[in-house]
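Worksheet: the structure to be examined is printed underneath.
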Amino acid sequence: MRGSNGTRVPENGTEEVDWELRPGGMLVQKRDDGVGASGSKIKIKVSHGSYQHEISVPAQATFGDLKKVISQETGLEPQEQRLLFRGKEKDNEEHLHMVGVKDMSKIVLLEDPASKERKLEQMKIDEGIYKACEAVVCVRSEVDKLSEKVAMLEKSMRGGNKVDEKEFVVLTELLMRQLLKLDSIEAQGEAKVQRRIEVRRVQSLVDALDQLKARNSNPFNSCGNAVSVTTQWETFESGVGSLSAPPPNPISSSAATEDWEHPSSLLLFSFSRSVIRNLSTPNASRYKRIY
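In this text, residue positions in the sequence shown follow the UniProt record's numbering: the first is 1, and each later residue adds one.
In structure tokens:
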């Protein structure tokens, strides 16, 4: 006891606490300077590795409250923090003033090992995603160039030009190489989505090349209707040298189409063209123009 209203007694045998005697005979812990009633604030030194932080919190706050403030300073979530005061880890529910935390007291901040391990793992995943995205971007730039070449081929064919078959073979081979590159990329998350999009793009370009190659090999496929109309007018049944159109055919359009698509009809058509090319009559030139 120091006088009639104050004494110093050891707490847990190690820490001395100041007590004061209130009116009515109540003995309470004496308040230090800077530690007022509820609402007054104290400054706490928080040591985090090589970093030092000064945190201001209410004097009667809990360690859980302190963690929330520390989170704003360090970026560590409250559940990722471990707070040690005088060598002992403190629970979230413990009050600062009840364990002896005063103005300018020192608290050690440690990152939870499990949380640290999760962060390292996430960093590896993020790094892998970043590298995969870069690889997809490189492939995309190559596919862009090949896509332009496919468009140029299509434009040339629309202009009535016949394209060398090697052009289709080379472009298809180059696209397949890009497809193999995409297949070799180990991707997760967003990188996986981007890779899937690019794979579908390459496949669509390969399909487009196949269609262009077929049209280039057999240009009559693109004008089948015109061929069928012309050949109906130039049948030998109307008589050589006849300028009149044959009588209307009662056969339906679908049946006529089936007849001309039949292999034997196509063979007869080819034979008729070859016969007319060899005609020596004055009317030969007329039929040659038609066929």
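From the three backbone atoms N, C-alpha and C, an ideal C-beta is built for every residue, glycine too.
Sort A135, V163, L146 and E142 by Cα distance to E186 and report the nearest one. Closest by alpha carbon: A135.
From this set, R86, G87, K43 and K88, which residue's C-alpha is nearest I70's C-alpha? It is K43.
Using the Cβ count rule (16 or more neighbours within 10 Å means buried), how would you classify P58? Burial check for P58: the Cβ neighbour count within 10 Å reaches 16 or more, so the residue is buried.
Determine, using beta-carbon pairs with one atom in the region 164-173 and one in the region 96-116, whether at least three such pairs fall under 8 angstroms. Verdict: no, contact absent.
Quick check on Q81: does DSSP put it in helix, strand or coil? In this structure, Q81 counts as strand in the three-state DSSP scheme.
Taking the C-alpha atoms as reference points, what is the distance between R140 and I129? Here the alpha carbons of I129 and R140 stand approximately 16 angstroms from one another.
Note the first and the last residue of the continuous alpha helix (DSSP H) segment covering K155. Run containing K155: P113 to R158, per the alpha helix (DSSP H) assignment.
Whole-angstrom Cβ separation of R201 and V163, contact assumed at under 8 angstroms? 22 angstroms between Cβ atoms; not a contact.
Sequence-distant residues of the same chain with beta carbon closer than 6 angstroms to S56, five excluded per side: Taken in chain order, the residues that qualify are K41 and K43.
Tell me S47's beta-bridge partners as DSSP assigns them. Answer is Q52 and V108, bridged to S47.
Should L146 and L205 be called a contact, given that it needs their Cβ atoms to be closer than 8 angstroms? In this structure, L146 lies near L205, with their beta-carbon atoms less than 8 angstroms apart.
Report the residue from V46, Q178, G75 and D183 whose alpha carbon sits nearest the alpha carbon of F63. Taking F63 as reference, the option from V46, Q178, G75 and D183 with the minimal CA-CA separation is V46.
Euclidean distance between Cα positions of A191 and Q122: A191 and Q122: Cα-Cα distance of roughly 15 angstroms.
Distance check for D210 and E198, CA to CA, integer angstroms please. Whole-angstrom Cα-Cα distance: 19 angstroms.
When DSSP labels each residue in this structure, what does V57 get in the three-state scheme? Correct three-state label for V57: strand.
When the Cα atoms are used, what is the spatial distance from V108 to E80? Going from the Cα of V108 to the Cα of E80 covers about 14 angstroms.
My output table needs one value for I70: the three-state DSSP class, helix, strand or coil. Of the three classes helix, strand and coil, the one that applies to I70 here is helix, per DSSP.
I42, DSSP secondary structure in three states: Secondary structure at I42: strand, using DSSP grouped into helix, strand and coil.
Go to K162, then tell me how far its alpha helix (DSSP H) extends in each direction, as first and last residue. First-last for K162: undefined, no H or E at that position.
Quick check: the Cα distance between R158 and A151, rounded to an integer number of angstroms? Rounded to whole angstroms, R158 to A151 spans 11 angstroms at the Cα level.
Mind checking which residues open and close the alpha helix (DSSP H) that includes D210? Taken as a continuous stretch (DSSP letters only), the alpha helix (DSSP H) holding D210 covers G189 to S217.
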